[in-house]
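Encoded as structure tokens, the structure appears first; notes follow it.
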Amino acid sequence: MIRVDTRVCLGCMSCSNVCPSQNITRSEIDGKRTVHWKRCKEECDLCVELCPAKALSLVPWDETVPETELSFDLVACKICGSPYATEPMLQRIESTLPAEMQKDARGLEWIRICPVCRRNVEAEGTARQVVLARSRKIA
Amino acid sequence: MAVYIDINRCIGCRSCEVACQRVHGGHGHINVHYVREYAAVPVLCHHCQEAGCTMVCFTGALYKEGERTAFDVEKCTGCGLCALACPFGVVWTDKIAHKCDLCQGREAGPACIATCPANALSDDFDLATRRARERTVRAAAVGGKR
Numbered sequence: 003m004i005r006v007d008t009r010v011c012l013g014c015m016s017c018s019n020v021c022p023s024q025n026i027t028r029s030e031i032d033g034k035r036t037v038h039w040k041r042c043k044e045e046c047d048l049c050v051e052l053c054p055a056k057a058l059s060l061v062p063w064d065e066t067v068p069e070t071e072l073s074f075d076l077v078a079c080k081i082c083g084s085p086y087a088t089e090p091m092l093q094r095i096e097s098t099l100p101a102e103m104q105k106d107a108r109g110l111e112w113i114r115i116c117p118v119c120r121r122n123v124e125a126e127g128t129a130r131q132v133v134l135a136r137s138r139k140i141a
Numbered sequence: 000m001a002v003y004i005d006i007n008r009c010i011g012c013r014s015c016e017v018a019c020q021r022v023h024g025g026h027g028h029i030n031v032h033y034v035r036e037y038a039a040v041p042v043l044c045h046h047c048q049e050a051g052c053t054m055v056c057f058t059g060a061l062y063k064e065g066e067r068t069a070f071d072v073e074k075c076t077g078c079g080l081c082a083l084a085c086p087f088g089v090v091w092t093d094k095i096a097h098k099c100d101l102c103q104g105r106e107a108g109p110a111c112i113a114t115c116p117a118n119a120l121s122d123d124f125d126l127a128t129r130r131a132r133e134r135t136v137r138a139a140a141v142g143g144k145r
């Protein structure tokens, strides 16, 4: 049976993806990600091995222990406001990447921006070169 | 090596997107963005020297191999950390991570470069600068504006 250390779980998608028996399910509704660990009798430790936070461990089967479920409010993008990541995942990124990488050349704290908006910022930045080149041609 | 863009040449035809999807079984890794009415910008992996995606990948599925940021699908759990650690939003996860692999194994090199009808994409970092310089020189030689 899987035991979840709820204090360290990142709310990522690793265990639910790697479980070969669909004993770990994940859903995303209304800006909330919920991970549900069923009581599992398998002698398989894929999820334990592949947890980035080492939040999972195997314990002997116990019928009286309720199934674990964790819900994470997804963090809203600072530009578009759409929910895109769990807070522990973002904190993990912030603690892993060197500080100088966490702001782009214009001082934008991109980690708190969703990937869709990051692509738009990138496109806008590159497009500025086009405008510069064209204005030189006119001048 | 990475795929470099001479942004003044992109005509926004999205041929690169199609070429990429054909090589990668329908999952393309390059996206042409239209910035209002004045520019088309292909957005794709920079193959960063210090790549955030490889730093957060805990299984070693994403790793640096020379200049390339390579991806080993066998090791990927689809956790989603790499997608959040990419400053350009060009790595994403859908059960497994998806990103530009510079068409690994394709002898002719990246399909987007081969396909681009405007020669806006290349694997030559200096090409855009060299072209601009040549334009200036040509203009100076004929005494006109470039």
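Protein chains in written order, with this note's numbering: chain A, 3 to 141; chain B, 0 to 145. Glycine included, each C-beta is placed from N, C-alpha and C at the ideal position.
{"Item": "Determine which residues of the stretch 88–110 of chain B have a Cβ less than 9 Å from any Cβ of chain A, and write them out in chain order.", "Value": "GLY88, VAL89, VAL90, TRP91, THR92, LYS94 and ILE95"}
{"Item": "If you follow the beta strand (DSSP E) that B:PRO116 is part of, which residue opens it and which one closes it?", "Value": "It is not in any beta strand (DSSP E) - B:PRO116 carries neither H nor E in the DSSP assignment."}
{"Item": "Any chance you could list the alpha helix (DSSP H) runs of at least 4 consecutive residues sitting entirely within the stretch 29–111 of chain A, in chain order?", "Value": "48–51 and 89–98"}
{"Item": "Identify the contact partners of A:MET3 in chain B, using a Cβ-Cβ distance below 8 Å as the criterion.", "Value": "Chain B residues near A:MET3: none, gap ~21 Å exceeds 8 Å."}
{"Item": "Based on DSSP bridge pairs, tell me the residues matched to B:PHE57.", "Value": "Note: B:PHE57 sits in no beta bridge, so no partner."}
{"Item": "Could you name the residues of the same chain whose beta carbon sits closer than 7 Å to that of A:SER18, not counting the 5 residues immediately before and after it, in chain order?", "Value": "ILE26, THR27, ARG28 and VAL37"}
{"Item": "Looking at B:HIS28 and B:LYS98, is the spacing between their C-beta atoms short of 8 Å?", "Value": "yes"}
{"Item": "Return the residue from the list B:ALA18, B:ALA110, B:GLN103 and B:GLY88 that minimises the CA-CA distance to B:PHE70.", "Value": "B:GLN103"}
{"Item": "Quick one: which residues of the stretch 117–129 of chain B get their C-beta closer than 8 Å to a C-beta of chain A? List them in chain order.", "Value": "none"}
{"Item": "Name the chain B residues whose beta carbon is nearer than 7 Å to that of A:TRP112?", "Value": "PRO86"}
{"Item": "Can you check whether the CB of A:CYS21 is closer than 8 Å to the CB of A:LEU48?", "Value": "yes"}
{"Item": "Could you tell me the boundaries of the alpha helix (DSSP H) in which B:ALA82 lies?", "Value": "80–84"}
{"Item": "Check distances from the C-beta atoms of the stretch 47–64 of chain B to those of chain E and list, in chain order, the residues that come in under 8 Å.", "Value": "Of the chains in the structure shown, none is chain E; the protein chains are A and B."}
{"Item": "Give a yes or no on whether 8 Å exceeds the smallest Cβ distance from B:GLY77 to chain A.", "Value": "yes"}
{"Item": "Since A:ALA135 meets chain B, which of its residues come closer than 7 Å, beta carbon to beta carbon?", "Value": "ASN7"}
{"Item": "Show which residues of chain A have a CB atom less than 9 Å away from the CB atom of B:HIS32.", "Value": "ARG121, ASN122, GLU124, ALA125, GLU126, THR128 and ALA129"}
{"Item": "Which term fits B:ALA139, buried or exposed, when burial requires 16 or more other beta carbons within 10 angstroms of its beta carbon?", "Value": "exposed"}
{"Item": "Give the range of the beta strand (DSSP E) segment to which B:VAL34 is assigned.", "Value": "30–34"}
{"Item": "Which residues in the same chain have their Cβ closer than 8 Å to the Cβ of A:TRP112, if we skip the five residues on either side of it in sequence?", "Value": "GLN104, LYS105, ASP106, ARG120 and VAL123"}
{"Item": "At the level of alpha carbons, what is the spacing between A:THR66 and A:MET3?", "Value": "12 Å"}
{"Item": "Would you mind working out which of A:CYS79, A:ASP75 and A:GLU71 sits nearest A:GLY35, comparing C-alpha positions?", "Value": "Correcting the residue identity first, residue 35 of chain A is Arg in this sequence and not Gly. Minimum Cα distance to A:ARG35 is reached at A:ASP75."}
{"Item": "Is the shortest distance between the beta-carbon of B:VAL42 and the beta-carbons of chain A less than 8 Å?", "Value": "yes"}
{"Item": "Taking B:CYS52 and B:CYS85 to be in contact with their CB atoms under 8 Å, please state how far apart those CB atoms are, rounded to whole angstroms.", "Value": "5 Å"}
{"Item": "State the DSSP-derived secondary structure class of B:ALA18, mapped to helix, strand or coil.", "Value": "helix"}
{"Item": "Quick one: list the residues of chain B neighbouring A:CYS14, beta-carbon separation under 7 Å, in chain order.", "Value": "CYS78, GLY79 and LEU80"}
{"Item": "Using a Cβ cut-off of 8 Å, pull out every chain B residue sitting near A:ARG94, in sequence order please.", "Value": "VAL55 and LEU80"}
{"Item": "Taking only beta carbons into account, state which residues of the stretch 29–59 of chain A come closer than 7 Å to chain B, listed in chain order.", "Value": "LEU52 and PRO54"}
{"Item": "Please return the same chain residues whose Cβ sits closer than 7 Å to the Cβ of B:CYS111, not counting the five positions on each side in sequence.", "Value": "VAL2, CYS15, ALA18, CYS19, ILE29 and LEU120"}
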